[in-house]
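In this text, residue positions in the sequence shown follow the UniProt record's numbering: the first is 1, and each later residue adds one.
Positions of the beta carbon are idealized from the N, C-alpha and C atoms, including for glycine.
No experiment lies behind these values; they were computed from the predicted model shown.
Quick notes on the structure that follows.
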Amino acid sequence: MLDRPSSSAEEIAGEWISAFGAALEGRSERALSGLFAPDSHWRNLFGISWRLATFSGRERLVNELPQRATQVRATGFRIDAAAMMPRRAVVAGRDVIEAVFSFDTTNGPGAGALRLLSSSTSGGLAAAWTISTLLDFNRICEARSNSSMNISHTRDFADPDWLEQRQQSVSFADREPDVLIVGGGHAGISAAVELKRIGLDALVIDREERVGDNWRLRYRGLKLHNKTPVYHLRYLPFPVTFPDYIPKDQIANWLESYVDIMEVNFWTKTSFEGAAYDGATQRWTARVLRAGEKRTLRPKHIVLATSVSGTPNIPKIDNLENYKGQVLHSSQVAAGQQWAGRSVIVFGTGTSAHDICQELQASGAQVTMVQRSPTMVVNVEPAQLYDRTYLGDGPPIEIRDILNSSVPLPVMKAAHRLITDEVKKLDAPLLPRLERAGFRLEFGEGGTGWPLKFRSRGGGYYFNIGCSELIADGKVRLIQSADITDIVADGLRLRDGSTLTAELFVLATGYKGLDHLLEQLFGADVARRVGRVWGFDEQTQELRSMWTRTGQPGLWFTGGAFSQARIYSRYIALQIDAIETGRLSKQLI
């Protein structure tokens with residue numbers, strides 16, 4: 001391979017995308033093969049075919065791309081220098097040229113990101129390492145808005161005013177929603193906003209009294225653990241006055257304001273009691289309880305947005321019934337002051353467990369943490385290195401989202417191994433102290449760090465904001481679950497024969513996944529058709545059943561971090577829109 005230092009990144013990317021378009025148009029696998037590195041990857045986010053999948057390896061990629069591109073008549077590939085000028089970068093330790101491009105399909109305008117190795121093949125063109133293709137949600141919605149725009153100021157003063165229209169819209173007294181979204185956290189709200197923008201009628205329901213209570217009612221010291229630029233909601237970024245790490249009540253209030261400003265149809269104090277699907281009418285019969293009043297809704301689609309960490313997980317702990325003190329799940333712990341001067345045992349070593357231990361200790365409680373399994377610990381500032389795409393100067397968030405979502409799983413793993421090695425060096429003063437205190441550390445599968453732990457199991461890590469020092473200094477006592485021989489009326493019986501007494505057990509034992517209520521709410525057949533939700537599917541290299549059609553027509557799942565909800569909600573909206581306009585089958589084939 002020959003380096004081309006004299007050519008600009010823009011020239012190299014432009015030459016490549018032209019050759020790529022010509023090879024696709026000519027359906028030449030040989031020409032395509034010459035454009036990709038042996039270990040190349042294509043991540044398709046519904047841009048070329050209605051499929052969310054990653055294809056790895058040049059041979060498979062070259063086999064899949066032409067036939068799928070032909071089906072949607074993908075043409076007009078060009079570098080979008082206005083969105084982002086092609087640039088040289090380092091990704092997962094490799095020198096690349098990074099560029100954003102546009103194209104056209106029968107499903108709508110497309111976009112994508114491209115990473116070329118900074119070298120040429122024998123044919124003189126750079127070899128692509130990664131390529132992504134997605135439908136351009138903004139351009140699709142803007143084209144529709146422009147075609148139906150009414151800018152006249154003329155109005156009938158006898159018609160309902162804005163407030164009356166909003167009240168009528170929210171009531172759903174005269175219509176059924178196209179989409180019922182169960183769960184009113186950031187994921188459900190994000191989906192509702194994108195569905196509305198594309199022209200679909202969505203209703204969000206949530207059992208809490210106020211929008212944002214899923215954050216507002218959690219433990220007192222909770223803050224978001226990633227910096228503000230990662231968490232922006234679509235169309236309405238956080239004010240520049242917001243702190244780097246947003247407190248729970250501030251994010252709760254922001255979600256409440258966002259729902260109002262974006263005119264999201266939202267019912268609070270509403271429980272979802274289950275639904276049945278009618279294949280003949282292709283509608284659900286959904287049972288809800290709103291402020292004590294039963295109501296039946298008949299949406300075409302249901303989106304479960306009950307959160308990857310929404311329902312407390314209460315594990316079976318042998319002999320827990322022997323304990324006569326108070327037992328609370330971490331989701332039920334409001335504040336630490338009431339436990340001043342009292343003994344508390346916290347089961348778990350994730351973020352919630354550490355934060356609760358730290359607050360209890362600061363309030364004057366005698367705190368013991370019980371570690372059940374090894375846990376990743378990373379100081380909160382180094383933890384941000386995994387989100388470099390969003391930090392510092394660079395393109396607007398729309399383009400950063402394209403770059404972020406374009407990284408295929410194998411490349412993400414390689415990049416995160418390097419970052420994990422980097423953060424371990426930054427955290428070197430702390431980690432040996434923790435181990436000396438008996439804390440068992442691990443750093444994710446193959447050393448890939450916390451983001452992939454979140455995507456595979458929804459937890460198992462802690463962003464240290466001071467509790468690790470308390471453990472290392474012995475101010476928060478640490479014991480291993482293996483040290484416990486029994487649970488007794490007043491606490492724990494330990495292997496050395498002593499009893500560790502406590503007035504409170506906190507079960508910081510995590511949350512159940514999105515699929516745990518499937519059978520209860522939809523029946524065994526639906527649960528069987530859907531299968532597992534969350535965690536990576538080996539074939540597609542994507543999260544199972546997330547943001548895509550499932551084995552049950554009309555049933556969708558969303559969740560995850562703020563950035564995931566912001567990026568992938570658009571694809572739920574695009575697919576449902578395609579189904580409702582007859583361009584896509586509800587049935588997953």
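Spatial neighbours of residue i in its chain, beta-carbon cut-off 7 Å, leaving aside the 5 residues before and after
{"i": "Q67", "result": "none"}
{"i": "E519", "result": "A527"}
{"i": "G417", "result": "Per the sequence shown, the amino acid found at residue 417 is Arg instead of Gly. G446, G447 and T448."}
{"i": "N313", "result": "T509, G510, Y511 and K512"}
{"i": "S169", "result": "N265"}
Sequence-distant residues of its chain with Cβ nearer than 6 Å to residue i (five each side left out)
{"i": "G415", "result": "The identity of residue 415 in the sequence shown is Ala, whereas the question assumes Gly. Around A415: A92."}
{"i": "K324", "result": "A489"}
{"i": "S132", "result": "R43, G112, A113 and S406"}
{"i": "A83", "result": "V100 and I399"}
{"i": "L32", "result": "A23 and V62"}
{"i": "Q337", "result": "S363"}
{"i": "T121", "result": "Model confidence at T121 stands at a pLDDT of 47, short of 50, so the residue's coordinates are unreliable and nothing is read from them."}
Per-residue DSSP class, three states only, for residue i
{"i": "A22", "result": "helix"}
{"i": "V72", "result": "coil"}
{"i": "V530", "result": "helix"}
{"i": "L2", "result": "Confidence in L2 is poor, its pLDDT being 37 and thus under 50, which makes the residue's placement unreliable; the coordinate value appears in the next sentence. In the structure shown, L2 sits in a strand (DSSP, three-state: E or B)."}
{"i": "Q366", "result": "strand"}
{"i": "N265", "result": "coil"}
{"i": "W284", "result": "strand"}
{"i": "T121", "result": "With a pLDDT of 47 at T121, under the threshold of 50, the predicted position of this residue should be treated as unreliable, though the coordinate-derived value follows. The answer is coil: DSSP assigns T121 none of H, G, I, E or B."}
{"i": "A276", "result": "strand"}
{"i": "P38", "result": "strand"}
{"i": "V240", "result": "coil"}
{"i": "V91", "result": "strand"}
{"i": "W547", "result": "coil"}
{"i": "G108", "result": "strand"}
{"i": "L470", "result": "helix"}
{"i": "Y461", "result": "strand"}
Alpha carbon of residue i to alpha carbon of residue j, nearest angstrom
{"i": "I465", "j": "P237", "result": "26 Å"}
{"i": "I181", "j": "Q587", "result": "20 Å"}
{"i": "S352", "j": "I79", "result": "45 Å"}
{"i": "F443", "j": "F536", "result": "18 Å"}
{"i": "R372", "j": "A365", "result": "22 Å"}
{"i": "G554", "j": "H153", "result": "39 Å"}
{"i": "Y231", "j": "T420", "result": "22 Å"}
{"i": "R155", "j": "E98", "result": "50 Å"}
{"i": "R220", "j": "E263", "result": "29 Å"}
{"i": "T296", "j": "A173", "result": "11 Å"}
{"i": "W215", "j": "K475", "result": "28 Å"}
{"i": "T485", "j": "F55", "result": "49 Å"}
{"i": "R532", "j": "S145", "result": "38 Å"}
{"i": "T268", "j": "I189", "result": "13 Å"}
{"i": "N322", "j": "R493", "result": "11 Å"}
{"i": "I397", "j": "H516", "result": "34 Å"}
{"i": "N404", "j": "G392", "result": "14 Å"}
{"i": "R388", "j": "R87", "result": "16 Å"}
{"i": "P410", "j": "R115", "result": "14 Å"}
Cβ shell of residue i (< 8 Å), same chain only, five flanking positions each side left out
{"i": "R175", "result": "D201"}
{"i": "A383", "result": "H225, N226, V423, W450 and F463"}
CB of residue i within 8 Å of CB of residue j, strictly
{"i": "F439", "j": "I471", "result": "yes"}
{"i": "L203", "j": "P229", "result": "no"}
{"i": "N107", "j": "V62", "result": "no"}
{"i": "R287", "j": "R298", "result": "no"}
{"i": "A22", "j": "I572", "result": "no"}
{"i": "L222", "j": "L134", "result": "no"}
{"i": "Q541", "j": "W50", "result": "no"}
{"i": "E58", "j": "A37", "result": "Correcting the residue type first, residue 58 is Arg in the shown sequence and not Glu. Yes. Within cutoff."}
{"i": "V530", "j": "G497", "result": "no"}
{"i": "residue 590", "j": "Q358", "result": "Summary: the structure shown does not reach residue 590, with the chain confined to residues 1 through 589, and so no result is reported for it."}
{"i": "T270", "j": "I345", "result": "no"}
{"i": "residue 663", "j": "K453", "result": "Here the chain covers residues 1 to 589 and nothing more, so residue 663 does not appear."}
{"i": "L543", "j": "R455", "result": "yes"}
Buried versus exposed call for residue i [16 or more other C-beta atoms within 10 Å across all chains shown]
{"i": "D401", "result": "buried"}
{"i": "G510", "result": "buried"}
{"i": "A280", "result": "exposed"}
{"i": "G560", "result": "buried"}
{"i": "Y258", "result": "buried"}
{"i": "W162", "result": "exposed"}
{"i": "S343", "result": "buried"}
{"i": "residue 595", "result": "The shown model of the chain, from 1 to 589, leaves out residue 595, and the question about it has no answer."}
{"i": "E256", "result": "buried"}
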